[in-house]
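Chemist: Quick one: this structure, given as structure tokens, is what I'll be asking you about.
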Amino acid sequence: MVQLEIVQRKLADLEGRVARVRAHRRPSAAELASDRDALDLVAFNLMLAVQAACDLAAHLIADEGWTAPPTAAESFQQLAEHQVITTKTAAALRRAVGFRNIVAHGYAGIDVGATYAASTLGLDDLDRFAREVATWLVNRATPDDDSH
Numbered sequence: 032m033v034q035l036e037i038v039q040r041k042l043a044d045l046e047g048r049v050a051r052v053r054a055h056r057r058p059s060a061a062e063l064a065s066d067r068d069a070l071d072l073v074a075f076n077l078m079l080a081v082q083a084a085c086d087l088a089a090h091l092i093a094d095e096g097w098t099a100p101p102t103a104a105e106s107f108q109q110l111a112e113h114q115v116i117t118t119k120t121a122a123a124l125r126r127a128v129g130f131r132n133i134v135a136h137g138y139a140g141i142d143v144g145a146t147y148a149a150s151t152l153g154l155d156d157l158d159r160f161a162r163e164v165a166t167w168l169v170n171r172a173t174p175d176d177d178s179h
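This is the structure:
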């Protein structure tokens, strides 16, 4: 059974990280590249936002008793298979895990273009993930009208 308080904390963490990215991103990739502090803050908070989504996915999978997938990226596919999120959102979050890995492990430095794209379009994916999880939680808590 899903522990609602934990899920709410994880969703709040995700929302906070996304807000920090929005606060520090720049209007263009060139402007982001010219402000190293902003670039670092955006990349770091994007990495933590994706990690929060991974943590939330792992928590839902564990609480529901579903088989744990071998990778964080695959956890989003499993959520889609259980109709927690859409396949579109699962695909976007699987790509986001790749970005998180690059930032976390410092592979070839921070790609300004990828970071800028993640700080714009990628935030929509994270927002959609949070909405879909919240909707799933509400729908599973609502009694099915056909069962009465």
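To convert, note that position 33 of the sequence shown is 64 in the numbering used here; the numbers rise steadily by one, no gaps.
Beta carbons are placed, not taken as given, at the ideal position from N, Cα and C, and that holds for glycine.
1. Below 8 angstroms on the Cβ atoms is my contact criterion, and I expect V33 with D86 to pass it. Report the Cβ-Cβ distance as a whole number of Å.
2. Out of L42, G153, G144, point me to the one whose CA is closest to T120's CA.
3. Taking the straight line between their C-alpha atoms, what separation do you get for A165 and V128?
4. Using only the alpha-carbon positions, how far apart do Q82 and A69 sit?
5. Do you know how far the Cα of L77 is from the Cα of L91?
6. Does the Cβ of Y150 have 16 or more other Cβ atoms within 10 Å, making it buried, or fewer, making it exposed?
7. For R131, which of D155, L42, V73 has the nearest alpha-carbon?
8. Let me make sure I understand the geometry here. Which of A148, T98, A103 has the alpha-carbon closest to that of V52?
9. Among the candidates R162, V143, D156, R159, whose CA atom is the shortest distance from the CA of A60?
Modeler: According to the data block:
1. Going by Cβ atoms, the distance from V33 to D86 rounds to 14 angstroms, so no, they are not a contact pair.
2. Ranked by how close their Cα comes to the Cα of T120, the residues L42, G153, G144 have G153 in first place.
3. Distance between the alpha carbons of A165 and V128: 21 angstroms.
4. About 20 angstroms.
5. L91 and L77 have their C-alpha atoms roughly 21 angstroms apart.
6. Checking the displayed sequence, the identity of residue 150 turns out to be Ser instead of Tyr. Classification for S150: buried.
7. The shortest C-alpha to C-alpha distance from R131 to any of D155, L42, V73 is the one to V73.
8. Among A148, T98, A103, the Cα nearest to that of V52 belongs to A148.
9. Out of R162, V143, D156, R159, V143 has the C-alpha closest to the C-alpha of A60.
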